[in-house]
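Counting with this note's numbering, you get residues 1279 to 1905 for the letters of the sequence shown.
Worksheet: the structure to be examined is printed underneath.
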Amino acid sequence: MHNELKKQPFNTKLQTEYTKFRNDVTNQINNAKRKFYLHEFDNCKSNNNDKWKFINNLLNKKTENPTTPSLEENGKILSDPLEICEVFNEYFVHVGTKLAAQLPESNQSFNFYLPEIHANQSFRFEKIDSTDVIREIKNFKLKKASGYDSISARCMKENTHVLAPILTNLLNQMFEQSVFPDCLKIAKVIPLFKKGAKTNATNYRPISILSILSKLAEKIMSSQIRGFLESNNVLSMCQYGFRPGRSTSQAISNLLEIIYSKLDSSDVAQTVFLDYSKAFDTINHDILLEKLKHYNFDDGSRMLLKSYLTNRKQFVNLNNVSSGYQNISIGVPQGSVLGPLLFLIYINDLTLVSSNFNFILFADDTNLISKNPSITACDLNIIKDWCLSNKLILNESKTCQMIFHNHQKKLNTNNFEQRNLEIVVNTKFLGIFLDQHLNFVCHINAVVQKLNFLLMMLRFLRKFLNDKSMVDVYYSFIYPHLIYGLEFWGHAPDYALEQVLICQKKALRIICCQPPNSSISHQFANLKIMPIYMLFKYRSLIFFHNQISNDSNLKESLKVNHDKFTRQNQSAFKLPLVKTEKGKRSMFYFSAQLYNQLAWGFIDYPTRAFGEGVAACLWEEDRCAVH
């Protein structure tokens, strides 16, 4: 028809028929595409990794075949894949040893800082039965990468009941003989580029892939060790990393509570953010084993853990080219299950070194809040001595301090200057950008930048997905950026939060196919999407509820302690006395106040936006107390 029209350009009847038929064909093609992509999206709804693959496919972002990077060594560019693998392996194996060798001798032994242990209970590995093995195998993810032996998680899961009795017997023999099999101590390492020049091996991070059998054994061992540590309160309460029931949000909350308390008292909060160089790679095995003995690990368990740590080997694999094996003599295995737990034991006594600091730790992310700035310099020297005694390298170039203070308070930074310790106005802690006035504007700018990228993705996807699927895309990719730490950065000024709200409205216009300047606020309730101000209060209530549910002492301390029939007594919790707006940001004030308003029915949120409603969610257990 197109060709005929070119021959008869002034035939209006043919022009009309051609235009109608062309539009009909185009609509059919678009409908077929939309139907196909909707079906594909439904197939990957339960897995975010599959969703990203689906989106990249739609965006025509073809995943490039990984190429072997070219490395520079002694001024020479290496191009041979095998030679490059050997250089990577040489660097990863010896980086911890070289750093530890540069440390001067300490005047104090690490034993000097260890706390007194009064518990008589000792730890030993107990025999297991098949149900323990079956439970751990069921928890394996099918897409976990296989180790050097090519045994997959799928193979283990599909043959669980056949393998469980055999593996149980082997693991019990391992506990009895206190020997970790050498064949399970081989790691396949994949170099992952971080930043900087790609020709420099120091700019790559090693990703260790262990055998699935090794991970099974480590999970069994880790479960028993963790149970002993938690039941006997061995680990410091300041440590939030790799522990059940603890999260980054709790660590950030603890930090901010201390800072808000100081700011409410018209004081400043001096905080120090420590940074270690290759913390996991420089763990000294002899010191770790001595600390295990101090924490009442019996001889058999220490022998097994020594066997686990020693005689480990690794090789680097790039595009099916592998280096030779090399022995690892220092550090705990990265990518392992047991390694992070052993690291927590290793640095557990750090929090007892100085009484001048409030410690907040998430694995090796360490934050110190000074109680008395006048003696901070002296106590920092004690921290450095502890690091030296424990063979940990403190990276002074990345270690920094921040002085939190109110806008109105003039700050003389000369009073806080320390040698080799930079004073910064903002920094990142556990994924949240903190600034010296706690306005969180820097963090919101980072969030908005991510949202703007995701909005471009939404615009493209709208051509292929329906409203329901677009809402699912919103909750999969945009919502996580909004809710992480929102109970903290939601206290930002309105002009900053307004930027996030604008991004939300743009997303709703895309989902609803509305023009850029149209009114869209009414669609928040229709799509069951909370605007940022409501979401902030909702997340604050949920976080506070989780805190008081898991900490009975906290709940008791917030209860009203008189029997008179007053309005306060009928509220859920008493509010602490605060003097400033910063003090009102405290979880014990702001969230408790929201909780009390909820109990009295002052918070009038649309049920459509909250699903079943906040009240039923929050007060299911304490319904009588609320009423």
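Don't be surprised by glycine CBs; every beta carbon is placed ideally from N, CA and C.
Identity of the residues DSSP links to residue i by a beta bridge
i, result
"Asn1645", "Phe1551 and Ile1638"
"Lys1783", "DSSP, once it has assigned bridges, lists no residue as partnering Lys1783."
"Arg1483", "Leu1470"
"Asp1713", "Asn1704"
"Asn1605", "Lys1591"
"Ser1465", "The amino acid occupying residue 1465 in the given sequence is Ala; Ser does not appear at that position. DSSP lists Gln1592 as partners of Ala1465."
"Leu1832", "Partner(s): none; Leu1832 has no beta bridge."
"Phe1682", "Ala1547"
"Val1599", "Leu1596"
"Gln1517", "Leu1639"
"Asn1575", "Here residue 1575 is Phe; the residue named in the question, Asn, does not match the sequence. Phe1575 is bridged to Phe1401."
"Gln1451", "Gln1451 is not bridged to any residue."
"Gln1792", "For Gln1792, which the question treats as bridged, DSSP gives no partner whatsoever."
"Gln1696", "Leu1699"
Top-ranked residue by Cα proximity to residue i, from the options
i, options, result
"Lys1466", "Val1719, Tyr1426, Phe1403 and Gln1792", "Tyr1426"
"Gln1783", "Leu1729, Lys1285 and Asp1750", "The sequence shown places Lys at residue 1783, rather than the Gln named in the question. Ranking the options by Cα distance to Lys1783, first place goes to Leu1729."
"Lys1472", "Ile1464, Lys1463 and Arg1483", "Arg1483"
"Ser1652", "Asp1559, Ile1625, Ala1547 and Leu1567", "Ala1547"
"Lys1837", "Lys1860, Val1856 and Phe1866", "Phe1866"
"Glu1568", "Phe1390, Ser1864, Ile1487 and Ile1444", "Phe1390"
"Leu1813", "Ile1638, Val1856 and Gly1763", "Gly1763"
"Lys1435", "Asn1325, Ser1428, Asn1398 and Asn1417", "Asn1417"
"Asn1437", "Val1457, Val1411, Lys1405 and Leu1566", "Val1411"
"Leu1876", "Pro1854, Glu1859 and Leu1819", "Leu1819"
"Lys1376", "Thr1297, Asn1673, Leu1292 and Ile1608", "Ile1608"
"Phe1403", "Asn1450, Ser1430, Val1365 and Cys1322", "Asn1450"
"Asn1589", "Ile1606, Met1499, Asn1352 and Ile1490", "Ile1606"
"Ser1585", "Asp1460, Met1734 and Glu1414", "Asp1460"
"Gly1768", "Ile1788, His1280, Ser1601 and Lys1815", "Lys1815"
"Val1512", "Tyr1624, Phe1370 and Asn1447", "Tyr1624"
"Leu1672", "Arg1300, Ile1660 and Met1515", "Ile1660"
"Thr1446", "Ala1475, Ile1429, Glu1414 and Leu1420", "Glu1414"
"Pro1393", "Ile1355, Lys1649, Leu1622 and Thr1629", "Thr1629"
"Asn1704", "Ser1531, Ala1655, Lys1298 and Ile1681", "Ile1681"
"Ile1485", "Asp1750, Leu1732, Cys1678 and Val1594", "Val1594"
"Ile1406", "Val1373, Lys1421 and Ser1501", "Ser1501"
"Asn1804", "Leu1587, Gly1617, Asp1745 and Cys1781", "Asp1745"
"Glu1835", "Asn1338, Pro1522 and Pro1854", "The sequence given here has Ser at residue 1835, not Glu. The shortest Cα separation from Ser1835 among Asn1338, Pro1522 and Pro1854 belongs to Pro1854."
"Ser1543", "Asn1684, Glu1368 and Asn1367", "Asn1684"
Distance CB(residue i)-CB(residue j) smaller than 8 Å
i, j, result
"Asp1663", "Ser1632", "no"
"His1785", "Ile1756", "It is Ala, not His, that sits at residue 1785 in the sequence shown. Cβ atoms of Ala1785 and Ile1756: closer than 8 Å."
"Pro1382", "Ser1408", "no"
"Phe1738", "Ala1724", "no"
"Tyr1554", "Leu1666", "no"
"Phe1558", "Gln1612", "yes"
"Leu1596", "Cys1790", "no"
"Tyr1752", "Ile1807", "yes"
"Thr1549", "Phe1640", "no"
"Lys1591", "Lys1493", "no"
"Phe1822", "Ala1870", "yes"
"Ala1479", "Val1303", "no"
"Arg1360", "Thr1477", "As written in the sequence, residue 1360 is Leu, which differs from the Arg given in the question. No. Outside cutoff."
"Ser1747", "Asn1326", "no"
"Ile1798", "Leu1736", "no"
"Ile1468", "Ala1431", "no"
"Gln1604", "Val1856", "no"
"Phe1851", "Asn1828", "no"
"Tyr1296", "His1317", "no"
"Phe1742", "Lys1284", "no"
"Leu1583", "Leu1570", "yes"
8 Å contact criterion, which residue i and residue j should meet: CB distance rounded
i, j, result
"Asn1636", "Ile1701", "The Cβ separation is near 19 Å, so there is no contact."
"Leu1619", "Arg1504", "6 Å"
"Phe1551", "Phe1694", "Contact flag wrong, Cβ pair sits at about 14 Å."
"Ser1387", "Leu1488", "That belief does not hold up - the Cβ atoms of Ser1387 and Leu1488 are roughly 33 Å apart, past 8 Å."
"Leu1533", "Ile1638", "5 Å"
"Ala1423", "Met1452", "Going by Cβ atoms, the distance from Ala1423 to Met1452 rounds to 24 Å, so no, they are not a contact pair."
"Asn1510", "Gln1399", "6 Å"
"Phe1319", "Phe1299", "Incorrect: roughly 30 Å between the Cβ atoms, too far for contact."
"Glu1859", "Arg1817", "With a Cβ gap of about 20 Å, Glu1859 and Arg1817 do not count as contacting."
"Tyr1538", "Ile1395", "In fact, because the Cβ distance is near 35 Å, the residues do not count as touching under 8 Å."
Min CB distance residue i to chain C below 8 Å
i, result
"Gln1777", "This model lacks chain C altogether; it includes just one protein chain."
Near the ligand PLP: residue i beta-carbon under 7 Å from a heavy atom
i, result
"Ser1384", "The ligand PLP is not part of this structure, which contains no ligands at all."
Runs of beta strand (DSSP E) lying entirely within the region 1352 to 1421, each at least 3 residues, in chain order: 1354 to 1356
What runs of the beta strand (DSSP E), each 3 residues or longer, lie entirely inside the region 1302 to 1350? none
Runs of 4 residues minimum, wholly inside the region 1737 to 1775: which ones carry the alpha helix (DSSP H) assignment? 1745 to 1751, 1757 to 1761 and 1764 to 1767
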